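Data first, discussion second: the structure below is written as structure tokens.
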Amino acid sequence: MIKSINHIGIAVKNLDESIELYKTLFQLSDIHKESVVNQKVNIASFKIGEVIIELTEAMDESSPIHKFIEKRGEGIHHIAFESDAIENDLSRLKDSNINLINETPKDGAHNMLIAFLHPKSTGGVLMELCQEKGE
Ligand code: ZN
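50 is the number of the first residue of the sequence shown in the numbering used here; add one for each residue after it.
Right, here's the structure in full:
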């Protein structure tokens with residue numbers, strides 16, 4: 050079941066410049082940085098209330114974030130919804146003819162499993178499902 054919004058992904062050209070901007074905007078001191086090699090992105094994240102804001106920079110020109118910025122510029126990239134049973138939600142959505150980018154979950158940031166839904170099936174919004182990895 051999908052239970053909450055976990056994070057909002059924002060595509061940025063330059064992570065360090067964006068970190069400075071967001072520090073100013075939200076008076077942040079604690080920003081978490083990590084790289085997700087299988088998605089070819091570097092991320093910086095921080096929490097506003099219960100929702101994580103995830104600034105996402107392309108690792109190289111083959112990254113989906115690079116292509117996104119070329120096409121649409123910097124801005125909101127995706128909304129991630131947290132599931133307590135990601136495999137069940139993916140098969141339910143597939144049965145409802147929702148086009149899945151990832152049919153099986155992959156490793157994402159924050160020690161989570163993630164899977165993207167195709168924006169053609171979701172009214173133009175790139176949606177991610179995520180679930181905390183158990184032991
Ligand atoms: Zn995400």
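Even for Gly, the Cβ is constructed at its ideal location relative to N, Cα and C.
Owing to the predicted nature of the structure, the values given are computational and were not obtained by experimental measurement.
Practice item. Could you tell me the distance, in whole angstroms, from the CA atom of M50 to the CA atom of I57? Key: Along the sequence shown, one-based indexing puts residue 50 at 1. Along the sequence shown, one-based indexing puts residue 57 at 8. Those two C-alpha atoms are separated by around 19 Å.
Open item on the list: Give the list of continuous beta strand (DSSP E) stretches no shorter than 3 residues that lie fully inside the segment 133-159.
Closed with: List check, beta strand (DSSP E) in window: nothing returned.
Beta-carbon spacing of I68, H126 below 8 Å: Reading the sequence shown from its first residue, position 19 is the one you call residue 68. Reading the sequence shown from its first residue, position 77 is the one you call residue 126. The answer is no: Cβ separation not under 8 Å.
Quick check: N146 and A164, are their CB atoms within less than 8 Å of each other?
Locating residue 146 in the sequence shown gives position 97, counting from the first residue. Locating residue 164 in the sequence shown gives position 115, counting from the first residue. Not closer than 8 Å, so no.
As assigned by DSSP and simplified to three states, the class of I68
Position 19 of the sequence shown, counting from 1, holds the residue named residue 68. Per DSSP, reduced to three states, the secondary structure at I68 is helical.
task = Please report the Cβ distance between L178 and S132, rounded to the nearest whole angstrom; I am assuming they are in contact, meaning their Cβ atoms lie under 8 Å.
result = Your numbering for residue 178 matches position 129 in the sequence shown. Your numbering for residue 132 matches position 83 in the sequence shown. 5 Å between Cβ atoms; contact.
- Query: Using a Cβ-Cβ cut-off of 8 Å (strictly less than) and excluding sequence neighbours within five positions of N77, which residues of its own chain qualify?
  - Reply: Here residue 77 refers to the residue found at position 28 of the sequence shown. Rather than Asn, the amino acid found at residue 77 in this sequence is Leu. Within the same chain, L77 has close Cβ partners Y71, F95.
Practice item. Report the three-state DSSP secondary structure of H115 (helix, strand or coil). Key: By 1-based counting over the sequence shown, the position of residue 115 is 66. Helix, per DSSP.
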